[in-house]
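Novice: Take 44 as the starting number for the sequence shown in my numbering and just add one per residue. By construction, the Cβ of each residue, glycine as well, lies at the ideal position given by its N, Cα and C atoms. Below you'll find the structure I mean.
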Amino acid sequence: MSRDRLHRLLLALAFVIAAAPVRSAASDVVARPSSSPTATPPTLQALDCKDLGAAAVRDVLALAPAPRVILIAGSLPAVTMEPLARFLVAMGYPDARLRAPGDGARSQSGYQDSLRLAGIVAWHYEHDGMAPLLIGHSRGGMVVVRTLHELAGAFQDAVPVWDPVRDEPLDRTTVVDPYTHAERPVVGLRVEYAAAIATGRLPRLLLGQWTMLRRLHVIPDTVREFTAFTIPGDWIAGDVFDREGYRAAGTAHVRNVELPAGTSHIGAVDVDPLAEDPAMREWIDAYRPDRPAAWPHGDTTNLLQAADIWYGVKSAWCRAAQAHAALKAPS
């Protein structure tokens, strides 16, 4: 073979190799170029945030920015929000957006200061262009509601911004609004979605949380969508004696969801196995609060709260991503 012919053959071989898809030796899957979220604004804006199937989450929302989700546990250290975090990740939520910027934890203590949490909400709003979503279990649900009242100025006129990376307050009570570019107070900021799971008045009374007794069931305008999950006969939450539902103080959209009798107060957030069951996952993906569906066959333990929380989270993600895309769009 002549040198010229050999040279042409090697060039052709190099071209074929360069054009072939690159595969991972570990997983043998086609490797795609890594990139930051790139959902196109027209595709994202076309989504109906109240009716999002699995394909919309996978093909559109997964390519868009997502708000931080802050999961707050109850009183018992052994009962964390990790099962709910695993469920959300399995359903398609970005794992990184469930982790605290400082220590990377996905479950946060229910003993934290609500003033601190309100300041963290403000920090994320300023840095991310979207406020975090707040979900609490038992005592953690009380912290969520109290944080909403902190943002409403119920306890003090000004709330300091809190840096979650350094875990310290900043010397200011205002943020630069990413949408208006104007300075504004932390008080009055609104989160898209918040939820309280198995949170009642009796522990507030027994634990001396007097300031929350009259405020617990009244949701201020510092949240757009709020859902309260209650368990009939839940003596830990005190719902045996107190069946008063949660209500809006003004414009917040508040829903009360009664879970099936016999739901465990302590185990109410153990939802991660549901995402691995094809029948349960299909039902969860199709769930809408205003569109009742036949109960699926199989183990439906904790199915209702899993489906409703996923609906609330992905709907809020959609709204936040649409607003963020409009923020970043060229004028």
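Report back the beta-carbon spacing between Thr216 and Pro228 to the nearest angstrom; my notes put them in contact at under 8 Å.
Specialist: Counting from 1 along the sequence shown, the entry for residue 216 is found at position 173. Counting from 1 along the sequence shown, the entry for residue 228 is found at position 185. Their Cβ separation, rounded to whole angstroms, is 6 Å, which keeps Thr216 and Pro228 in contact under 8 Å.
Novice: Can you tell me whether Leu177 is helix, strand or coil according to DSSP?
Specialist: Counting from 1 along the sequence shown, the entry for residue 177 is found at position 134. Per DSSP, reduced to three states, the secondary structure at Leu177 is strand.
Novice: Roughly how many angstroms lie between the CA atoms of Tyr330 and Asp214, to the nearest whole one?
Specialist: As a first step, residue 330 is located in the sequence shown; it is residue number 287 there, counting from the start. As a first step, residue 214 is located in the sequence shown; it is residue number 171 there, counting from the start. Approximately 44 Å, taken between the alpha carbons.
Novice: Anyone know if the C-beta pair for Ser150 and Glu193 falls short of 8 Å?
Specialist: Start at 1 with the first residue of the sequence shown, and residue 150 comes out as number 107. Start at 1 with the first residue of the sequence shown, and residue 193 comes out as number 150. Contact flag unset, no.
Novice: Near Ala197, what residues of its chain come up, given a Cβ to Cβ distance below 8 Å and the 5 sequence neighbours on each side ignored?
Specialist: Sequence index remark: in the sequence shown, residue 197 carries index 154 (1-based). Taken in chain order, the residues that qualify are Arg258, Pro263.
Novice: According to DSSP, is Leu191 helix, strand or coil?
Specialist: As a working mapping, residue 191 is identified with position 148 in the sequence shown. The answer is helix: DSSP assigns Leu191 an H, G or I state.
Novice: Opposite Tyr236 in the DSSP bridges: which residues?
Specialist: Against the sequence shown, residue 236 aligns to sequence position 193. According to DSSP, which records beta bridges pairwise, Tyr236 is partnered with Glu268.
Novice: Measure the beta-carbon distance from Pro345 to Leu317 and round it to whole angstroms, keeping in mind my assumption that it falls under 8 Å.
Specialist: The residue given as residue 345 occupies position 302 in the sequence shown. The residue given as residue 317 occupies position 274 in the sequence shown. In the sequence under discussion, the amino acid at residue 345 is Asn, which differs from the Pro named in the question. Confirmed, Cβ separation roughly 7 Å.
Novice: Scan the region 107-135 and note each continuous alpha helix (DSSP H) run of 4 residues or more that stays entirely inside, going in chain order.
Specialist: 125-134
Novice: Which first and last residues belong to the alpha helix (DSSP H) in which Glu325 is found?
Specialist: Residue numbering aside, residue 325 sits at position 282 when the sequence shown is read from its first letter. Here the alpha helix (DSSP H) through Glu325 covers 321-329.
Novice: Touch check for the region 328-343 and the region 107-125: three-plus C-beta pairs under 8 Å?
Specialist: no
Novice: Okay, do the region 351-369 and the region 167-178 touch, 3+ Cβ pairs below 8 Å being the bar?
Specialist: yes
Novice: If we count Cβ pairs, one from each stretch, closer than 8 Å, do we get three or more for the region 218-225 versus the region 287-304?
Specialist: No: fewer than three Cβ pairs fall under 8 Å.
Novice: With a cut-off of 8 Å on the beta carbons, I'd call Gly153 and Ala116 a contact; round off their distance for me.
Specialist: As a working note, residue 153 is residue 110 in the sequence shown. As a working note, residue 116 is residue 73 in the sequence shown. About 5 Å separates the CB atoms of Gly153 and Ala116; that is less than 8 Å, so the two are in contact.
Novice: Could you give the residue range of the beta strand (DSSP E) that holds His296?
Specialist: What you label residue 296 is simply residue 253 of the sequence shown in a count that begins at 1. Counting along the chain, the beta strand (DSSP E) containing His296 begins and ends at 296-301.
Novice: Among the residues of its own chain, which have a CB less than 7 Å from the CB of Glu268, if the five just before and after it don't count?
Specialist: Within the sequence shown, residue 268 is the residue found at index 225, counting from 1. Around Glu268: Glu235, Tyr236, His296, Gly355, Ala359.
Novice: Which word fits Trp353, buried or exposed, when buried means at least 16 other C-beta atoms lie within 10 angstroms of its C-beta?
Specialist: Position 310 of the sequence shown, counted from the start, is the residue given in the question as residue 353. It counts as buried.
Novice: Work out the CA separation of Asp277 and Ala271 for me, nearest whole Å.
Specialist: Taking the first residue of the sequence shown as position 1, residue 271 is located at position 228. Taking the first residue of the sequence shown as position 1, residue 277 is located at position 234. If I take the Cα positions, the gap works out to 14 Å.
Novice: Mark Asp328 as exposed unless 16 or more other C-beta atoms lie within 10 angstroms of its C-beta, in which case mark it buried.
Specialist: The residue labelled residue 328 in the question sits at position 285 within the sequence shown. Buried.
Novice: In terms of residues, what are the limits of the alpha helix (DSSP H) holding Val164?
Specialist: Along the sequence shown, read from residue 1 onward, the residue named residue 164 stands at position 121. It spans 157-171 - the alpha helix (DSSP H) in which Val164 sits, taken as one unbroken run.
Novice: What are the start and end residues of the beta strand (DSSP E) that includes Arg227?
Specialist: Along the sequence shown, read from residue 1 onward, the residue named residue 227 stands at position 184. It spans 226-228 - the beta strand (DSSP E) in which Arg227 sits, taken as one unbroken run.
Novice: What separation, rounded to the nearest whole angstrom, lies between the Cα atoms of Arg140 and Val261?
Specialist: Counted from its first residue, the sequence shown places residue 140 at position 97. Counted from its first residue, the sequence shown places residue 261 at position 218. Roughly 28 Å separates the two Cα atoms.
Novice: Among residues of its own chain, excluding the 5 on either side of Glu287, which ones have a beta-carbon nearer than 6 Å to its beta-carbon?
Specialist: Here residue 287 refers to the residue found at position 244 of the sequence shown. Cβ within range, chain order: His260.
Novice: Assuming Ile240 contacts His180 (C-beta within less than 8 Å), just tell me the rounded distance between them.
Specialist: Numbered from its first residue, the sequence shown carries residue 240 at position 197. Numbered from its first residue, the sequence shown carries residue 180 at position 137. Yes, they are in contact, since the Cβ atoms of Ile240 and His180 sit about 5 Å apart, within 8 Å.
Novice: Nearest CA to the CA of His308: which residue from Ala97, Gly183, Leu87?
Specialist: In the sequence shown, residue 308 corresponds to position 265, counting from 1. The candidate whose alpha carbon is nearest that of His308 is Gly183.
Novice: Where does the unbroken beta strand (DSSP E) through Val314 begin, and where does it stop?
Specialist: Residue numbering aside, residue 314 sits at position 271 when the sequence shown is read from its first letter. Counting along the chain, Val314 falls outside any beta strand (DSSP E), and DSSP gives it neither H nor E.
Novice: Going by DSSP, what residue range makes up the alpha helix (DSSP H) through Val100?
Specialist: Position 57 of the sequence shown, counted from the first residue, corresponds to residue 100. Looking at the DSSP string, the run of the alpha helix (DSSP H) that includes Val100 is 97-102.
Novice: In whole angstroms, give me the CA-to-CA distance for Leu131 and Val312.
Specialist: On the sequence shown, residue 131 is found 88 positions in, with the first residue counted as 1. On the sequence shown, residue 312 is found 269 positions in, with the first residue counted as 1. The straight-line gap from Cα to Cα measures roughly 11 Å.
Novice: State buried or exposed for Pro85, treating a residue as buried only when at least 16 other CB atoms are found within 10 Å of its CB.
Specialist: Walking along the sequence shown from the start, residue 85 turns up at place 42. With fewer than 16 other Cβ atoms within 10 Å, it is exposed.
Novice: What are the start and end residues of the beta strand (DSSP E) that includes Val219?
Specialist: Reading the sequence shown from its first residue, position 176 is the one you call residue 219. Where Val219 is concerned, the enclosing beta strand (DSSP E) stretches over 217-219.
Novice: Compare the C-alpha of Thr98 against each of Ile163, Ile279, Met134, Val186 and name the closest.
Specialist: Taking the sequence shown and counting its residues from 1, one reaches residue 98 at position 55. Position check: residue 98 holds Ala in this sequence, whereas Thr was assumed. Checking every option, the nearest Cα to that of Ala98 belongs to Met134.
Novice: Do the CB positions of Leu160 and Thr190 come within less than 8 Å of each other?
Specialist: Start at 1 with the first residue of the sequence shown, and residue 160 comes out as number 117. Start at 1 with the first residue of the sequence shown, and residue 190 comes out as number 147. Yes; because the gap between Cβ atoms is below 8 Å, this pair is in contact.
Novice: For Trp360, which of helix, strand or coil comes out of DSSP?
Specialist: Taking the sequence shown and counting its residues from 1, the one referred to as residue 360 is at position 317. It is helical.
Novice: What's the C-alpha gap between Gln348 and Thr294?
Specialist: On the sequence shown, residue 348 is found 305 positions in, with the first residue counted as 1. On the sequence shown, residue 294 is found 251 positions in, with the first residue counted as 1. If you draw a straight line from the Cα of Gln348 to the Cα of Thr294, it comes to about 24 Å.
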